[in-house]
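Residue numbers (our numbering), protein chains in the order written: chain A, 160 to 359; chain B, 5 to 204.
Worksheet: one structure, shown below.
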Amino acid sequence: MAKKQFSDVQTFITLTLVCVGAAAVLALVDRVTQKPIERAEARKKEEALRIVLPPETASIETRSVPTGGGEIEVNLALDDQGQTIGYAISSSTDEGYGGDVEFLLGLDREGSILTYKIMNHKETPGLGDNLTSEKFKSQFKGKNLDNFQFKVAKDGGDVQAITAATISSRAACKALEKGLELFQEYRKAPGGQSSMESEK
Amino acid sequence: MSLASEFTKGLWNRHPIFRLLLGMCPALAVSTKAVNGIGMGACVIFVLVGSNVVISLFRKVIPNQVRIPVFIVVIATFVTVVDLLLHGLAPEIHKALGIFIPLIVVNCIILGRAEAFAQKNDLLMAISDGLGMGVGFTWGLVVLGSIREIFGLGTWFGMKVIPEGLPTVIVMILPAGGFITLGFLLAAMNRIEHCRTEQS
Numbered sequence: 160m161a162k163k164q165f166s167d168v169q170t171f172i173t174l175t176l177v178c179v180g181a182a183a184v185l186a187l188v189d190r191v192t193q194k195p196i197e198r199a200e201a202r203k204k205e206e207a208l209r210i211v212l213p214p215e216t217a218s219i220e221t222r223s224v225p226t227g228g229g230e231i232e233v234n235l236a237l238d239d240q241g242q243t244i245g246y247a248i249s250s251s252t253d254e255g256y257g258g259d260v261e262f263l264l265g266l267d268r269e270g271s272i273l274t275y276k277i278m279n280h281k282e283t284p285g286l287g288d289n290l291t292s293e294k295f296k297s298q299f300k301g302k303n304l305d306n307f308q309f310k311v312a313k314d315g316g317d318v319q320a321i322t323a324a325t326i327s328s329r330a331a332c333k334a335l336e337k338g339l340e341l342f343q344e345y346r347k348a349p350g351g352q353s354s355m356e357s358e359k
Numbered sequence: 005m006s007l008a009s010e011f012t013k014g015l016w017n018r019h020p021i022f023r024l025l026l027g028m029c030p031a032l033a034v035s036t037k038a039v040n041g042i043g044m045g046a047c048v049i050f051v052l053v054g055s056n057v058v059i060s061l062f063r064k065v066i067p068n069q070v071r072i073p074v075f076i077v078v079i080a081t082f083v084t085v086v087d088l089l090l091h092g093l094a095p096e097i098h099k100a101l102g103i104f105i106p107l108i109v110v111n112c113i114i115l116g117r118a119e120a121f122a123q124k125n126d127l128l129m130a131i132s133d134g135l136g137m138g139v140g141f142t143w144g145l146v147v148l149g150s151i152r153e154i155f156g157l158g159t160w161f162g163m164k165v166i167p168e169g170l171p172t173v174i175v176m177i178l179p180a181g182g183f184i185t186l187g188f189l190l191a192a193m194n195r196i197e198h199c200r201t202e203q204s
């Protein structure tokens, strides 16, 4: 079908108007959704923390301490008496099969692993994403740097790798080990003491 | 062509995946599980109908020389709006569809329908075309995803369908499996078409 002819100026004006219109729509939607998105993100983080921290957690306190390698942020789980009963710390590695893998580690009072949650990953569906499976996770329960070799069995460690996903399993070992090391640094750092009563 | 036939052509005769071979990148990337097909399909239906509506409404004032940039701006705007709205208002759905939403921008079905159909037809026709193509794309993804999930993971929509102990074919959920499945489905479709034309 024959289209109406437009002059160059009309063409220019139309395209400009379309872009301005699109920008206006986007700005409007962004403004409207900004608050809800922030709330949704905060809730997501809170939910993730609840999953990895002990079930008795009454409130969560976020603390960051300066160390040689920069700030370390640790989330403290407090029970209803205000006692620290666990910690959550983020750790990540770029050695996954699909790139970055971000972990949130839940630790008990002594600093052994309770469980972890993967916040972000691009591992192969059906293979590497089994990092999120209970079967793989459960082997880290109660483990820390002193009683566990964070290496897959193939490399002489204690970790049962996921079948056909050794690279993803290695990445998990790296990230978990790094998380525990960060936690040790946090404990050594000033203000990084284990519980509230030590501050009193 | 009637409204109804504009809808039904997308379901079989001009099926976007199996007949037009459009949108291959997202189709192969997300069809590792049947449920992904539903999610991606729903997003595509929304964006496709939305962009068809806008482009059909403004078709008389869009100069021919700049139509492609205008289409792209409209489509990208729609995708971003969907992304922001879902993120803020329905975080659960956003979490499930998260990675698929930006993929819609690179889905050439949407640009293809804008160029081939919406810019030449009135509003109702454009809506009908968008719905038909969207639903066609969805069932195509679900079939692709079902085959790959059943053979690759032994599950269908997350339910176990292949008894424990029988081996699964891991390659089916890897990219290569997507191409293999698509090839067989195309062959099957051509065969059915061939038989139908011979009969008539």
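Glycine residues also receive a C-beta, built at the ideal position from the N, C-alpha and C atoms.
- Judged by their CB atoms, V109 (chain B) and A130 (chain B) are not nearer to each other than the 8 Å cut-off.
- Put simply, the backbone Cα of S292 (chain A) is about 25 Å away from that of L235 (chain A).
- Note: R222 (chain A) is bridge-paired with A:V233 in the DSSP secondary-structure output.
- Fewer than three pairs of CB atoms, one per stretch, sit closer than 8 Å, so the segment 91-106 of chain B makes no contact with the segment 59-69 of chain B.
- Inter-segment contact for the segment 217-234 of chain A and the segment 127-141 of chain B is absent: fewer than three beta-carbon pairs are separated by less than 8 Å.
- For the segment 15-48 of chain B, the set of residues with a beta-carbon nearer than 8 Å to any beta-carbon of chain A comprises T36, K37, in chain order.
- With a threshold of 16 other beta carbon atoms within 10 Å, A324 (chain A) meets it and is buried.
- Near chain B, meaning a CB-to-CB distance below 7 Å, the residues of the segment 174-198 of chain A are L174, V177, C178, A181, V184, L185, V188, D189, T192, P195, I196.
- Using a CB distance below 8 Å, the part of the segment 165-187 of chain B facing chain A consists of I174, I177, L178, ordered along the chain.
- The continuous alpha helix (DSSP H) containing A186 (chain A) extends over residues 167-211.
- Secondary structure of L266 (chain A) (DSSP, three-state): strand.
- Per the coordinates, the alpha-carbon of G14 (chain B) lies some 7 Å from the alpha-carbon of D133 (chain B).
- With 16 or more neighbouring CB atoms inside 10 Å of its own CB, Q123 (chain B) falls in the buried class.
- According to the DSSP secondary-structure assignment, G245 (chain A) is paired through a beta bridge with A:A236, A:D267.
- The alpha-carbon of T192 (chain A) is positioned some 27 Å away from that of K276 (chain A).
- For L263 (chain A), there are no C-beta contacts with chain B under 9 Å, since the nearest C-beta of that chain is about 15 Å from it.
- Approximately 20 Å separates the beta-carbon atoms of P30 (chain B) and L89 (chain B); this is outside 8 Å, ruling out the contact.
- Collapsing the DSSP output to three states places T216 (chain A) in coil.
- Separation of G241 (chain A) and G258 (chain A) (C-alpha to C-alpha, rounded to the nearest whole angstrom) is 39 Å.
- Our two residues, A334 (chain A) and T221 (chain A), have alpha carbons roughly 21 Å apart in a direct line.
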